[in-house]
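Chemist: Residue numbers (our numbering): 613 to 984. Following this message is one structure expressed as structure tokens.
Here it is in structure tokens:
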């Protein structure tokens, strides 16, 4: 291991320690009850009762709680062996069950008892915070920057929020950022594997696969681009088909409620922010970061920008349900925030620009329209 790699590893460990510090603070405030991270809701009767049958008393958040309650259910049956007992407790079984990697890891493939799953959800996210920080530090090195820019992952408000409610965003983003490191080193098959896993953690991370494929296509790496896009998409599609066999098609159930008309969600949420300065500041800041990230990406050839640019489009289409709270919107576009820090602080050289020469077999068929 060279000196730069050791420094990146050190930054990853610092990220893990910082995330652990946040976790300890939350735990101490909850009398060391780890179910606070699972975010069961007072008014979410199905998942609350499901948890209380298996754990006894649990820490309850206000109203509906957050995503962790669904991942707890999934971690007890990650392969959907008994959907009547588990998956049908979820509000949108097909939508929720598509994100299978995080609960599968947290429950060790369904082997852990429910009490172990509670801690597994937290431990996996803590490790992912350290892993993601290490990956961003490695990426920063590829961009001729300081390894300490890796902390742009750990200190990202969205990823911290994800960790505190046992969300899958930390796992999916850490895998995606490491995939970009692999692309920069021309290790395409490793990148394909990582992006496939990222898509199974959070289906929206297929955006990173599409963006990375587009960047490779522009670099005249046509065959690699096809593999980077097609394989993760097929893997996600196979799992989706399996879920429909196990759970059914659920006619009449609106599985996706977070996508609407462009900027409609932002405009509707803005009216509520007038009386909530913090939501107003964060909401407007997120929109500004999205705009600046887009401009920076279009003005450069950085892989980081193109990989996550699709999240800007997603942000524009998010409904009021996502935009209404700083907590939710910061989680939804968290990769854009970390990516923007890298673009802002890096040199203008794109990662992998020197290590990704076009192969003769690719360039020979690229045509005059291929850009460099």
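A virtual CB, placed ideally from N, CA and C, is assigned to each residue, including glycine. All values reported here derive from a predicted model rather than from experimental measurement.
1) Run through DSSP, which three-state label would residue 811 get?
2) If you run the structure through DSSP and keep just helix, strand and coil, what is residue 959?
3) Would you list the one or two residues that DSSP bridges to residue 871?
4) For residue 673, which three-state DSSP category applies?
5) Does the beta-carbon of residue 696 have 16 or more other beta-carbons within 10 angstroms, so that it is buried, or is it exposed?
6) Can you grab the Cα-Cα spacing for the pair residue 961 / residue 654, in whole Å?
7) Between which residues of its own chain and residue 929 is the CB-CB distance below 7 angstroms, once the five residues before and five after are set aside?
8) Count Cβ pairs between the segment 633-648 and the segment 731-747 that sit closer than 8 angstroms; are there 3 or more?
9) Around the C-beta of residue 794, are 16 or more other C-beta atoms found within 10 angstroms, so that it is buried, or is it exposed?
10) State the Cα-Cα distance for the pair residue 773 and residue 881, rounded to the nearest angstrom.
11) Output needed for residue 980: all residues of its chain with C-beta closer than 7 angstroms, excluding positions within five of it in sequence on either side, in chain order.
12) What does DSSP give as the partner residue(s) for residue 652 in the beta ladder?
13) Does residue 898 pass the burial test, meaning 16 or more other C-beta atoms within 10 Å, or should it be called exposed?
14) How is the alpha helix (DSSP H) around residue 917 delimited, first residue to last?
15) When you compare the CB positions of residue 788 and residue 812, do they come within less than 8 angstroms of one another, or not?
16) Roughly how many angstroms separate the alpha carbons of residue 799 and residue 843, rounded to a whole number?
17) Using a Cβ-Cβ cutoff of less than 7 angstroms, which residues in the same chain neighbour residue 766 once the five nearest sequence positions on both sides are dropped?
18) What residue does the alpha helix (DSSP H) around residue 744 start on, and which one ends it?
19) Pull up the distance between the alpha-carbon of residue 681 and that of residue 831, whole angstroms please.
Modeler: On the basis of the coordinates in this document:
1) Counted from its first residue, the chain shown places residue 811 at position 199. Looking at residue 811 - three-state DSSP - the assignment turns out to be helix.
2) Position 347 of the chain shown, counted from the start, is the residue given in the question as residue 959. Because residue 959 sits at a pLDDT of 48, beneath the cut-off of 50, its placement in the model cannot be relied upon, and the following sentence gives the value as read from the coordinates. If DSSP states are grouped into helix, strand and coil, residue 959 belongs with coil.
3) If you number the chain shown from 1, residue 871 lands on position 259. Under DSSP, residue 871 takes part in a beta bridge, and its partners are 930.
4) Indexing the chain shown from 1 puts residue 673 at position 61. Strand, per DSSP.
5) Here the question's residue 696 lines up with position 84 in the chain shown. With fewer than 16 Cβ atoms within 10 Å of its Cβ, residue 696 is classed as exposed.
6) Locating residue 961 in the chain shown gives position 349, where the first residue counts as 1. Locating residue 654 in the chain shown gives position 42, where the first residue counts as 1. Confidence is the limiting factor: at residue 961 the pLDDT is only 49, short of 50, which leaves the residue's position unreliable, though a coordinate-based value still follows. Looking at the two C-alpha atoms, the distance is approximately 50 angstroms.
7) Residue 929 sits at position 317 when you count from the first residue of the chain shown. These residues qualify, in order along the chain: 871, 872, 874.
8) Contact between the segment 633-648 and the segment 731-747 is present, because at least three Cβ pairs lie under 8 angstroms.
9) Translated into positions along the chain shown, residue 794 becomes position 182. Residue 794 should be labelled buried.
10) Residue numbering aside, residue 773 sits at position 161 when the chain shown is read from its first letter. Residue numbering aside, residue 881 sits at position 269 when the chain shown is read from its first letter. Approximately 20 angstroms between the Cα atoms of the pair.
11) To locate residue 980, count along the chain shown from 1; it is residue 368. With a pLDDT of 36 at residue 980, under the threshold of 50, the predicted position of this residue should be treated as unreliable, though the coordinate-derived value follows. Cβ within range, chain order: n/a, list empty.
12) For the purposes of this step, residue 652 is taken as residue 40 along the chain shown, with counting starting at 1. Paired residue(s): 672.
13) Translated into the one-based positions of the chain shown, residue 898 becomes position 286. Counting Cβ neighbours within 10 Å, residue 898 comes out buried, since at least 16 surround it.
14) Along the chain shown, one-based indexing puts residue 917 at 305. Start and end: 915-920.
15) Mapped onto the chain shown, residue 788 falls at position 176. Mapped onto the chain shown, residue 812 falls at position 200. No, they are not a contact pair.
16) By 1-based counting over the chain shown, the position of residue 799 is 187. By 1-based counting over the chain shown, the position of residue 843 is 231. Distance between the alpha carbons of residue 799 and residue 843: 15 angstroms.
17) Counting from one through the chain shown, the residue named residue 766 turns up at place 154. Excluding residues within five positions, the ones whose Cβ falls inside 7 angstroms are 627, 630, 631, 741, 745.
18) The count along the chain shown starts at 1 and reaches residue 744 at position 132. Taken as a continuous stretch (DSSP letters only), the alpha helix (DSSP H) holding residue 744 covers 726-754.
19) Here residue 681 refers to the residue found at position 69 when the chain shown is read from its first residue. Here residue 831 refers to the residue found at position 219 when the chain shown is read from its first residue. Their Cα atoms are separated by approximately 43 angstroms.
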